[in-house]
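S.K.:
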Amino acid sequence: MASVSDLLTARLVTATGVDPELRPATKPQFGHFQSNVALRLAKQQGRKPREVAAQIVDELDVADLCEPVEIAGPGFLNFRLRTDVLASAVNAQLADEHLGVAQVDEPVRVVIDYSSPNVAKQMHVGHLRTTIIGDCFTRVLRAVGDEVVPQNHIGDWGRQFGMLIEQIQDESLDLDTLDLAGAEELYLRANAHFESDADFAERARLRVVALQGGDETTRAIWRRLIAISTAGFNRTYARLGVLLTDADIAGESSYNDMLDGICDDLQHRGIAVMDDGALIARVDGFDAPAILRNSAGGYGYDVTDLAALRHRVDDLGAGRLIYVTDARQANHFALLFAVSRKAGYLPSSVIAEHIGYGMVLGTDGHPFKTREGTAAHLDDLLDAAEQTASPEVALAAIKYADLSNQLQKDYVFDPVRMTATTGDTGPYLQYAHARVSQILRRALAEQGQDEDATGDWQVSVLAELAEQDLALSLTRFGEAVGEVAANLTPHKLCMYLYELAGKLSVFYEQCPVLKADGDVRASRLALCQATKDVLGRGLTLLGIPAPERM
RNA sequence: GCGCCCAUAGCUUAAUGGAUAGAGCAUCUGACUACGGAUCAGAAGGUUGAGGGUUCAACUCCCUCUGGGCGCGCCA
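22 is the number of the first residue of the first sequence in the numbering used here; add one for each residue after it.
1) To which residues of the same chain is Gln468 closer than 6 Å at the C-beta, ignoring the five residues directly before and after it?
2) Nearest to Asp79 by CA position, among Ala492, Arg497, Ile92, is which residue?
3) What number of angstroms, rounded off, separates the C-alpha of Gln55 from the C-alpha of Asn112?
4) For Arg44, write down the residues that DSSP places opposite it in a beta bridge.
5) Name the DSSP bridge partner or partners of Leu98?
6) Which residues bound the alpha helix (DSSP H) around Gln181?
7) With Thr346 as the anchor, note down where its alpha helix (DSSP H) starts and where it stops.
8) For Leu515, name the three-state secondary structure that DSSP assigns.
9) Check whether the stretch 510-521 and the stretch 553-563 touch, using three or more Cβ-Cβ pairs below 8 Å as the test.
10) Look up Leu313 in the DSSP assignment and say whether it is helix, strand or coil.
11) Using 10 angstroms around the beta-carbon of Ser26, count the other beta-carbons present and answer buried if the total reaches 16, otherwise exposed.
12) Which of the three DSSP states is assigned to Ile576 in this structure?
13) Are the CB atoms of Ala551 and Leu495 nearer to each other than 9 Å?
14) Name the residue from Glu206, Arg349, Asp326, Asp538 whose alpha carbon lies nearest to the alpha carbon of Gly176.
15) Distance check for Asp126 and Phe158, CA to CA, integer angstroms please.
16) For Gln459, does the three-state DSSP call read helix, strand or coil?
17) With distances taken Cα to Cα, identify the nearest neighbour of Phe498 among Val165, Pro448, Thr443, Gly379.
18) Let's test the definition: count the other Cβ atoms within 10 Å of the Cβ of Gly183 and tell me whether it reaches 16, buried, or not, exposed.
19) Under the three-state reduction of DSSP, which class applies to Glu407: helix, strand or coil?
20) Decide if the stretch 399-409 is in contact with the stretch 143-157; the criterion is three or more beta carbon pairs, one per stretch, under 8 Å apart.
21) Over the uninterrupted alpha helix (DSSP H) stretch that includes Pro412, give me the two end residues.
22) So does the stretch 475-485 actually touch the stretch 530-550, counting three or more Cβ pairs closer than 8 Å?
23) Looking at the structure shown, is Val480 part of a helix, part of a strand, or coil, going by DSSP?
24) Of all the options Phe389, Asp490, Pro412, Ser316, which has the alpha carbon lying nearest to the alpha carbon of Pro566?
25) Based on Cα-Cα distance, which residue from Arg545, Asn508, Asp431 lies nearest to Gly383?
26) In chain order, what residues of the same chain lie with their CB nearer than 6 Å to the CB of Ala329, ignoring the 5 residues before and after it?
27) In this structure, what does DSSP give as the bridge partners for Arg130?
28) Tell me, to the nearest whole angstrom, how far the beta carbon of Val505 is from that of Val169; I am working on the premise that it is less than 8 Å.
29) Using three-state DSSP, classify Ala279 as helix, strand or coil.
30) Is DSSP giving Met439 helix, strand or coil here?
31) Considering only the alpha carbon of each residue, which of Glu118, Thr266, Gln188, Thr443 lies closest to Arg226?
32) Short check: CB of Gln451 to CB of Pro568, under 9 Å?
33) What did DSSP end up calling Leu232 once you bin it into helix, strand or coil?
34) Is it true that the CB of Gly444 sits closer than 9 Å to the CB of Lys420?
35) By how many angstroms is the C-alpha of Ala204 removed from the C-alpha of Trp243?
36) Please classify Lys553: is it buried, with 16 or more other beta-carbons within 10 angstroms of its beta-carbon, or exposed?
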């Protein structure tokens, strides 16, 4: 469905011939929308801005949408929607399964790389943001009609498996009794053993060779370690309420067979060259090269990521690639994309974006660590938040805190602040949703209907300013979601929902719903229904549960 | 040394080159015995790190600094 601002924009384009850059009004007295198009045109045409504005108003036909257009200040055009237009916009939104979120004309297949924990280690604080943010992107892009393929690039390959497997053999460990926490302890023992026992270290090295060579006994143990680990990851995913499943797992090991081919290809085409015994690829503008194969003949993450990229473009058919990792890897991904462009692996038709987020800090302002100085387990963070709130509320608190500011900034993991029920927090939004749900529940009960039903009320009266503000805010949901889909900025959706919840509170305060009669009552119930739907959908897009009662 | 990110009210933060830089927390004042007070209204709090420049218009773009964080060839 076309939004009112789309309609208005179209009319302005007709009148002016250029994009009017219609924006929400910055202040209530400026109406609902504003445009500075007259200022820009005046500059180009060497005329007075207000004169240009007056001409635009003359040529503009929007009487069916707006109150008379006002020219203000240096030449701004201010638009105020007619209340009947606002009312039908909300009604259309209520009837729309997408709640006013515009669907893309041509769906893009988007591959999103996120979460990526390491086998035989529990998920820790370093996986919190990538998992939450990536999952939000998956939800939002699906909401606008794109086809999302999540890719969980788990760390299931590397030298650590040599010592892990040797340690299992040494201890005659029964893998049936091992869980992920146990595997992590095993890892610590294996590491200590590796450091202190040269003989063990040598056996571990041989075991790596056996693993790479495809030795069946070794591979079998390796697969068991992966299975144990993914079971552990899935428990954490369930707790976090993220969408990732085993079907999304594409670990580092899955690209092994491609690595030789990529090295040969790039070397033959002169994109990669031997340097000090290593195979490297240099790209203009980068000081350091990508190292495809080290001087010992081993493969590193540069070439693994190249392989993953090719797979995503060629096999998965991606039109857009999104990598969600911490900001420190910005350089790595810039280089990866540059090499891929140069090699032709990444055609210009495919968008590639690295979304780098800031660090999670402790309340001391330093990177979040346990007392022992190790990375805190994700489950411990969840436990900490659940000490001050129920699981659903704690989850809202954590996710909202993570998503509500600019992603590249660091933020402090402070359970007390996050779980606050007042102010700009996840729990406050849940509360607003629960409160408006209660009104609808009672209205349905009074009508003798099942409380899970959806009322068929229509917005017909918007006499009060609080009603108009709420209605206007509701109609902006689509653009808020669209902006997140385009720019990958979840905090815009957070801001929008917080503003909507604020409008609801004012409405709730000033406009009795259940005590009203006739059309006014039905109209207010329709506003409540739309607000509940939008808040609920918006929270869902953030990955936050929206309970009807708290 | 080179490169990237950050700096806005006491604290946490928003702002697509546009009107008086917008919120929340904390502080102060007030409202309604409440369709859920997890509320609402109001006050106070800013030379947007500093200095130049571009522009009709700069928190936003460019340059130079300062302070903080993070990266810089065979780990990921």
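In this text, a Cβ means the ideal position worked out from N, Cα and C, and glycines have one as well.
M.R.: Looking at the atomic coordinates:
1) none
2) Ile92
3) 24 Å
4) Gln55
5) Ser56, Ile92
6) 181-192
7) Element bounds for Thr346: not the alpha helix (DSSP H) but the beta strand (DSSP E), 341-347.
8) The sequence shown places Cys at residue 515, not Leu. Cys515: helix per DSSP, three-state reduction.
9) yes
10) strand
11) buried
12) Residue 576 cannot be examined here, being either before or after the span of the chain that is shown, 22 to 571.
13) yes
14) Asp326
15) 19 Å
16) helix
17) Val165
18) buried
19) helix
20) yes
21) 412-424
22) yes
23) coil
24) Pro412
25) Asp431
26) Tyr276
27) Glu168
28) No, Val505 and Val169 are not in contact; Cβ-Cβ is about 13 Å, not under 8 Å.
29) The sequence shown places Met at residue 279, not Ala. The answer is helix: DSSP assigns Met279 an H, G or I state.
30) helix
31) Gln188
32) yes
33) helix
34) no
35) 12 Å
36) buried
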